[in-house]
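In the working numbering, the protein residues as written are 108 to 323. We treat Cβ as the ideally placed atom computed from N, Cα and C, and that holds for glycine. Note that the structure is a prediction, hence the values are computed from the model and not measured. See below for the structure under consideration.
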């Protein structure tokens, strides 16, 4: 698959999703009921982060048991993480940042991938490696929508998935930006609700968010 084809495939996934929940799963047994709750609320594209010991088992369980979920792997920090995501059967990978080694590995592989950037220099490195769809992280802390608009000047063809500091109160503002395909965030699945097994509450939050954020 060419670099352009991989980016187009990822762009289609992200645009359809609008909101991608960033999942930090502490216990593997929470994975399937959480994914089912999200899917029931209209949220199908999920980012399972490699931040916990349970992450790999959780992603594996969701991919096996929740066929309607589109599972990506997040917090990819190096080529080994990228290989792990591909071996799991992830549909995409996403990182908070990018090293030259990670960009090279992602460009050589066939997994659709969005490197993380926060500055113009980082964006230029991503572009040089063939990536024109990137994660803007940490979005609010890195300057917010004003920073995103500033980057759009010299880089008008770049598409973004902003993540970091985005929640119910500001998601719509980010999605209104013409170069934003989707936003990432954890507000649809608060850690307290996951620990309590409040799956109906998570489904209700997702239903409400998708009704308000999806274009008519």
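Hey, how far is the Cα of residue i from the Cα of residue j?
i: residue 304; j: residue 251; result: 33 angstroms
i: residue 167; j: residue 195; result: 6 angstroms
i: residue 201; j: residue 221; result: 5 angstroms
i: residue 108; j: residue 217; result: 6 angstroms
i: residue 264; j: residue 286; result: 8 angstroms
Does DSSP classify residue i as helix, strand or coil?
i: residue 266; result: strand
i: residue 141; result: helix
i: residue 109; result: coil
Counting C-beta neighbours from all protein chains within 10 Å, is the total for residue i 16 or more, i.e. buried, or is it exposed?
i: residue 283; result: exposed
i: residue 211; result: exposed
i: residue 292; result: buried
i: residue 260; result: exposed
i: residue 154; result: buried
i: residue 256; result: exposed
i: residue 119; result: exposed
By Cβ distance, which residues of its chain are closer than 7 angstroms to residue i, with the 5 residues on each side in sequence left out?
i: residue 149; result: 313, 314 and 317
i: residue 133; result: 159 and 161
i: residue 301; result: 137 and 141
For residue i, which of the options has the nearest alpha-carbon?
i: residue 197; options: 285, 173 and 261; result: 173
i: residue 327; options: 248, 242, 191 and 234; result: The first residue shown for the chain is 108 and the last is 323, placing residue 327 beyond what the model contains.
Apart from the five residues just before and just after residue i, which ones in its own chain have a Cβ nearer than 6 angstroms to its Cβ?
i: residue 204; result: 223
Can you list, in chain order, the residues of its chain whose CB lies under 8 angstroms from that of residue i, leaving out five sequence neighbours each side?
i: residue 280; result: 252
i: residue 208; result: 185 and 186
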